[in-house]
Structure formats: C-alpha cells, structure tokens
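Single-structure report; data block below.
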Amino acid sequence: MKIKFVFLNLTQHLMQEPKTGSKDNQHEGTESIPAIRLFSTENGLCSFERGTIPTLKPMNTTTFWVSNKTEEWEKSKHPAPRKQYVITIKGKIKFKVSDGSTFMIEPGIILLAEDTTGEGHSWEMLDSTGWERLYLPISEGAEDYFTKEI
5 MKIKFVFLNL
15 TQHLMQEPKT
25 GSKDNQHEGT
35 ESIPAIRLFS
45 TENGLCSFER
55 GTIPTLKPMN
65 TTTFWVSNKT
75 EEWEKSKHPA
85 PRKQYVITIK
95 GKIKFKVSDG
105 STFMIEPGII
115 LLAEDTTGEG
125 HSWEMLDSTG
135 WERLYLPISE
145 GAEDYFTKEI
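Each residue of the sequence shown is one higher than the last, beginning at 5 in the working numbering.
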C-alpha cells in the first residue's frame, strides 16, 4: 500500500535524530525540524515567521491525508481551511503573504498553516513535477509546538 509506505518513510525521516558533524544539517544537535508558520494578523492580513518544531514530540492530530492534486483556486489568495501541518513529500513551493513577502517550502521544512481568517496566502509550484504533501489537522485547542526563530 503506497500511502502506508510513504507515511512510514516520512515518519522515520521526521523522527530521526539530527546528524552530527554534517554541514548540511542547519539545526544540528537541536532535535528539531525547520518550520514556517503562516498566521492571520489582527487587521486580516497574512504573515509568516520562521522557526522549528521539536522531533519525537507526539502531536495532537486526529487524522491525516495525502494529496498530489491541485486546483487553480488553491493558487489564489485563500486562508487555511483549518489549523494544520502540511508536510511536503515532493516538490518546491513558493508561498506569498499579504505584504508580498515570499518563502519556499520543500521536503525537510514543515508548513504550519494557521492563517484561518482574513485574506490568506497564495502559492505557486516551482517544480513542474507537482506537489505531493501530507495534511495533518491539529486538534481543536491543541498546542502546535512551533518555536519562533530568534
């Protein structure tokens, strides 16, 4: 079953201890994974901040699903339908927020979508092979474990 295989491989990857002595691991020894958090501002705009999410921390989610399909409306400005983690399995995506600022999401960076009100965000695929991703909705009222970069 391909979905089970992808989820198990992704879970193993996300739960690995950081490699020591590797110049490729920017968060060496921190026991966390890079993350970007989308959020709604008080005036209804969308912004983002960089940070991390700890490894080996049980997350308060109730379900998950995998997607490799996109519809055109998804690329236009829209708020997140719910507070959720979006884990990219394959693809490189450029997100844009209200002030025109952009950031990249690719495998190894967790997107925390919390911009559930206001105008929301837009995105475009930079990798023409598509975007494969895993959605993990966060349980109502649960901690997201995001730590803002200082």
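The C-beta atom is built at its ideal place from N, Cα and C for all residues, glycine as well.
The structure displayed is predicted, hence computed values, not measured ones.
CA-to-CA distance, residue j to residue i, given in whole angstroms
i: P22; j: I37; result: Residue placement at P22 cannot be trusted, given a pLDDT of 38 that sits under 50; the coordinates are not used to answer.
i: V90; j: R54; result: 15 angstroms
i: I154; j: L60; result: 22 angstroms
i: S143; j: S102; result: 27 angstroms
i: S105; j: G112; result: 21 angstroms
i: E147; j: I57; result: 11 angstroms
i: G25; j: G48; result: Confidence at G25 is low in this model, with a pLDDT of 33, below 50, so its placement is unreliable and the value that follows should be read with caution. Cα-Cα distance, rounded: 43 angstroms.
i: K94; j: M108; result: 13 angstroms
i: T66; j: G145; result: 13 angstroms
i: C50; j: P62; result: 28 angstroms
i: T92; j: E110; result: 6 angstroms
i: E118; j: R41; result: 7 angstroms
i: P141; j: K152; result: 20 angstroms
For residue i, the residue or residues it bridges with in DSSP
i: I113; result: Per DSSP, none; premise fails for I113.
i: G55; result: A39, K152
i: L49; result: BP columns for L49 are empty, so no partner.
i: M108; result: K98
CB of residue i within 9 angstroms of CB of residue j, strictly
i: F99; j: F150; result: no
i: I114; j: A39; result: yes
Closest residue to residue i among the options (Cα-Cα distance)
i: G124; options: D148, P85, I109; result: P85
i: K87; options: N64, M108, S105; result: N64
i: F43; options: I109, E35, K96, G122; result: G122
i: E46; options: T120, P141, T133, K152; result: T120
i: P83; options: L116, S132, E110; result: L116
i: T133; options: P62, K152, E35, T74; result: T74
Closer than 8 angstroms: residue i CB and nearest the ligand ADP heavy atom
i: W135; result: The ligand content of the structure shown is nil, which means the ligand ADP is not present either.
Cβ contact check for the segment 108-128 and the segment 67-80: 3 or more pairs under 8 angstroms: yes
At least three beta-carbon pairs within less than 8 angstroms, the segment 58-74 to the segment 132-140: yes
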